[in-house]
Structures are given as C-alpha cells and as structure tokens.
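Enquirer: First residue of the sequence shown? That's 2 in this note's numbering, and the numbers climb one at a time after it. My structure is below; once you've seen it, I'll send some questions.
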Amino acid sequence: MAWTVESSRGGGIFLPQIGWHLDAHERADASFVSHAHSDHLGRHRTVLCTGPTARLMAARLPGRRETIVLPYDESWPITPEARATLYPAGHILGSAQVLVENAQGRLLYTGDFKLRPGLSAEPCRVPPGGADVLIMETTFGKPRYRFPPDESVAADIVDFCRRAIDERAVPLLFCYSLGKSQEVLARLGESGLPIMLHAQTARITAVYEACGMHFPAHRLFDPDEAAGHVVIGPPQINRSPEVRRIRSRRTAMISGWALDPWTMPRHRYDAAFPLSDHADYDDLVRFVAAVRPRLVYTVHGFAAEFARDLRERGIEAWALGRENQLDLGLFG
Ligand SMILES: [Zn+2]
Numbered sequence: 002m003a004w005t006v007e008s009s010r011g012g013g014i015f016l017p018q019i020g021w022h023l024d025a026h027e028r029a030d031a032s033f034v035s036h037a038h039s040d041h042l043g044r045h046r047t048v049l050c051t052g053p054t055a056r057l058m059a060a061r062l063p064g065r066r067e068t069i070v071l072p073y074d075e076s077w078p079i080t081p082e083a084r085a086t087l088y089p090a091g092h093i094l095g096s097a098q099v100l101v102e103n104a105q106g107r108l109l110y111t112g113d114f115k116l117r118p119g120l121s122a123e124p125c126r127v128p129p130g131g132a133d134v135l136i137m138e139t140t141f142g143k144p145r146y147r148f149p150p151d152e153s154v155a156a157d158i159v160d161f162c163r164r165a166i167d168e169r170a171v172p173l174l175f176c177y178s179l180g181k182s183q184e185v186l187a188r189l190g191e192s193g194l195p196i197m198l199h200a201q202t203a204r205i206t207a208v209y210e211a212c213g214m215h216f217p218a219h220r221l222f223d224p225d226e227a228a229g230h231v232v233i234g235p236p237q238i239n240r241s242p243e244v245r246r247i248r249s250r251r252t253a254m255i256s257g258w259a260l261d262p263w264t265m266p267r268h269r270y271d272a273a274f275p276l277s278d279h280a281d282y283d284d285l286v287r288f289v290a291a292v293r294p295r296l297v298y299t300v301h302g303f304a305a306e307f308a309r310d311l312r313e314r315g316i317e318a319w320a321l322g323r324e325n326q327l328d329l330g331l332f333g
C-alpha cells in the first residue's frame with residue numbers, strides 16, 4: 002500500500018491514513034503546523050509543532066487549542082501505527098519539516114524551507130535516510146530564481162543604509178514582520194548602525210528574544226527621532242502617516258521577488274534586495290537529490306513547472322492541488 006496525499010480545501014494537505022492535516026488553513030481536528038506564517042496557520046483543535054512555533058502562534062493567533070510541542074529529532078507516536086519526527090527547515094525560527102513513518106514507508110513534508118544558513122533560524126537538515134514520498138514547497142521553482150549569496154545582499158543593504166544616512170535621509174527597510182525582519186536585524190549587527198523597529202516588528206522580535214535569540218540593540222520606531230537610524234517595518238506602513246512624517250526617506254523592499262522586476266512593485270520603493278527565507282531553484286533540486294524520494298508532490302509557487310522539471314530528470318513528481326503563482330509569497 003502507498004501513501005495517500007490529498008490537498009485540502011483552503012490550502013494545506015490531508016493524510017487520510019493517519020487522519021492528520023499538514024499546515025491546514027481551515028479549522029481541522031489535528032494539524033501539523035510547520036511554522037507561524039499566517040498562510041500556514043488555522044484555528045485547529047490539536048496542533049503539532051516546535052516550541053518556538055507554539056510561542057509565535059500564540060502571539061499571532063490567540064485562542065484555545067491543544068498544542069503538542071515536539072523538539073527537533075524526537076519521535077512521537079502520531080497514531081498507534083505511525084511516528085512523527087521534526088527536523089529544522091531553516092525558513093524562520095522554529096520552522097520544521099515533519100517525517101512520518103509507518104508501514105507505508107517514510108513521508109517527508111518540508112513546509113517552507115531554505116538550505117542557505119541564516120542568522121535567525123535553525124539550519125535546515127535533511128532527515129538521515131531520506132524519504133520515500135516527499136511533499137515540498139516550490140515557491141521559487143523556476144530556474145531564473147537563483148539568489149546571490151546572503152552575505153553580499155546584506156552588504157548591499159548596509160551600503161544602501163549608509164548612503165541614505167550620509168545624505169541625511171532615513172533608510173526604511175520593508176520586510177515581512179515575522180522571520181525576514183529578524184534576519185535583516187541580525188544581518189545589520191556588524192554595521193553598528195542604530196536601528197529602530199516598527200511596533201509590529203518589535204512585538205515579534207520580542208518573542209524571538211524570549212526563545213533565546215540575541216539581536217543587535219534596537220529601539221521602537223519614532224518618526225520624530227528617526228534621523229540617523231535604520232528603520233525596519235512591514236511593507237504596509239510605507240504609505241502610513243507616521244512614515245510620511247519623515248520628510249527625507251529612502252525606501253527598500255527586502256524579498257526574494259526582488260529578482261523579478263515585474264512582480265516587485267519597484268516604483269513604490271527606491272531599491273529592492275533579494276534576501277529570501279525560501280530555497281532558490283538550485284537548492285530545491287539539491288534538496289530532492291539529498292532526500293532521494295520515489296515520488297514528489299510540489300506545493301506553492303511554481304509547483305507545476307518544478308514537478309515537470311523533476312520528471313524530465315527521471316523523478317516522478319506532481320503538483321498538488323490548484324496553484325496560484327504569487328499570492329502565497331509576495332514577501333518571500
Ligand atoms: Zn513561510
């Protein structure tokens with residue numbers, strides 16, 4: 002018998018043989034939550050996740066739920082016949098892949114993942130022994146998505162900030178408040194530049210700190226005292242009155258989509274930098290080679306295109322469910 006994998010309504014995946022969902026969006030009895038980004042969360046009765054994901058989820062989606070916290074590398078009997086083990090996914094703090102093993106074999110679900118080691122997430126690890134069936138995210142599943150080294154993108158961001166401050170303008174870095182902002186904050190560390198965080202970003206950063214992460218000194222964003230500081234905040238504040246109070250400003254979007262001039266709303270920003278928390282195309286291919294699956298299901302982004310590329314390489318692969326090109330990860 003083989004694994005049965007279904008895509009569930011409203012996003013997410015259902016494994017009928019064990020009765021568990023993976024990153025379900027609509028309310029489910031039991032769902033694994035790979036990480037705390039909102040497109041992977043739902044108001045479920047029971048969730049399985051890592052400790053940091055449980056804390057971040059409590060901050061973002063309060064409510065009553067039974068939470069089974071499983072540290073990386075420890076196995077838990079998800080049913081009497083199957084066990085689940087979590088492995089770091091390298092995407093944001095607490096992000097996890099889940100390996101489910103039973104008589105059908107080994108099934109691995111990645112959630113969002115990144116192989117390039119970051120400063121604000123546990124480094125991704127491929128489960129020893131790989132898996133028979135792999136369900137993987139393919140946000141950047143086209144060959145044109147090849148990211149430059151994170152260190153050189155970070156150096157470009159620091160240059161942009163220094164230049165703005167030299168010109169007596171305030172550099173504003175817009176990025177997703179969970180994950181990307183903390184990575185940017187950590188990457189600014191050695192620059193010694195004074196940093197302000199928007200309240201929304203500061204709130205999530207405080208959860209990271211409560212989980213034991215350390216960051217460079219930062220203070221809360223105040224438009225009247227922002228001169229000489231780098232400001233990190235979510236993209237939606239770009240046109241807010243508080244940002245408009247800053248007369249001279251230089252804005253930058255931080256996103257993997259910066260590689261695509263036509264998907265980035267470049268005209269709204271002075272610059273865009275491709276620092277991503279997802280795997281790029283080469284790392285997606287590398288990951289499949291390391292897992293050595295018999296069968297691959299792709300989800301998110303260019304799922305159909307990447308599955309076709311894998312089939313051309315001799316690996317059986319199919320996109321799962323209906324896919325939308327960009328709506329799931331514009332700030333990836
Ligand atoms: Zn994510």
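C-beta atoms are modelled at their ideal positions from N, C-alpha and C, and glycine is treated no differently.
#1: Going by the CB atoms, is the gap between A228 and A253 shorter than 9 Å?
#2: Going along the chain, which residues of its own chain have a beta-carbon closer than 6 Å to the beta-carbon of Q326, five neighbours each way excluded?
#3: Using a strict less-than 6 Å threshold between each residue's beta carbon and the heavy atoms of ligand 2, what residues do you get?
#4: Cutting at 8 Å between CB atoms, please list the residues of its own chain near D225, excluding the five before and the five after it.
#5: Where A308 and R84 are concerned, what is the direct C-alpha to C-alpha distance, given to the nearest angstrom?
#6: Could you spell out where the beta strand (DSSP E) holding L1 opens and where it closes?
#7: What residue from L116, D310, V101 has the CA that sits closest to D278's CA?
#8: By the three-class DSSP mapping on this structure, what secondary structure does S153 have?
#9: Curious, which full-length beta strand (DSSP E) runs of at least 3 residues does the region 70-123 contain?
#10: Whether or not the region 134-147 and the region 294-307 are in contact is what I'm after, with contact meaning three or more pairs of Cβ atoms, one per stretch, closer than 8 Å; do they touch?
#11: Give the range of the beta strand (DSSP E) segment to which C298 is assigned.
#12: Helix, strand or coil for C162 per DSSP?
#13: So, using beta-carbon positions, are S121 and G64 closer together than 9 Å?
#14: Under the rule that 16 or more other beta-carbon atoms within 10 Å means buried, what is H215, buried or exposed?
#15: Do you know offhand how far A60's Cα is from A37's?
#16: Taking buried to mean at least 16 other C-beta atoms within 10 Å of its own C-beta, is D328 buried or exposed?
Expert: If we stick to the structure as given:
#1: Locating residue 253 in the sequence shown gives position 252, where the first residue counts as 1. Locating residue 228 in the sequence shown gives position 227, where the first residue counts as 1. Against a cut-off of 9 Å, the Cβ pair of A228 and A253 comes out as no contact.
#2: Numbered from 1 along the sequence shown, position 325 holds the residue referred to as residue 326. Residue confidence is low: Q326 scores 38 on pLDDT, short of 50, so the model does not pin down where it sits. No coordinate-derived value is stated.
#3: Absent from the structure shown: ligand 2. Ligands present: ligand 1.
#4: In the sequence shown, residue 225 corresponds to position 224, counting from 1. So the list reads R246, once near-sequence residues are dropped.
#5: Translated into the one-based positions of the sequence shown, residue 308 becomes position 307. Translated into the one-based positions of the sequence shown, residue 84 becomes position 83. Spanning the two alpha carbons is a distance of roughly 28 Å.
#6: Outside the displayed range of the chain (2 to 333) lies residue 1, so it cannot be described from this structure.
#7: Indexing the sequence shown from 1 puts residue 278 at position 277. Cα-wise, what sits closest to D278 is L116.
#8: Within the sequence shown, residue 153 is the residue found at index 152, counting from 1. Residue state, collapsed to three classes: helix.
#9: 76-80, 83-89, 97-103, 106-110
#10: yes
#11: Stepping through the sequence shown from its first residue, residue 298 is reached at position 297. Sequence check: residue 298 is Tyr here, not Cys. Run containing Y298: 296-300, per the beta strand (DSSP E) assignment.
#12: Numbered from 1 along the sequence shown, position 161 holds the residue referred to as residue 162. If DSSP states are grouped into helix, strand and coil, C162 belongs with the helices.
#13: Position 120 of the sequence shown, counting from 1, holds the residue named residue 121. Position 63 of the sequence shown, counting from 1, holds the residue named residue 64. No, Cβ-Cβ distance for S121 and G64 is not below 9 Å.
#14: Start at 1 with the first residue of the sequence shown, and residue 215 comes out as number 214. Exposed: under 16 other Cβ atoms inside 10 Å.
#15: By one-based count along the sequence shown, residue 60 stands at place 59. By one-based count along the sequence shown, residue 37 stands at place 36. The alpha-carbon atoms of A60 and A37 are separated by roughly 9 Å.
#16: Here residue 328 refers to the residue found at position 327 of the sequence shown. Low confidence applies here, because D328 scores a pLDDT of 38, under 50, leaving its location unreliable; read the following figure in that light. D328 is exposed by the Cβ-count criterion.
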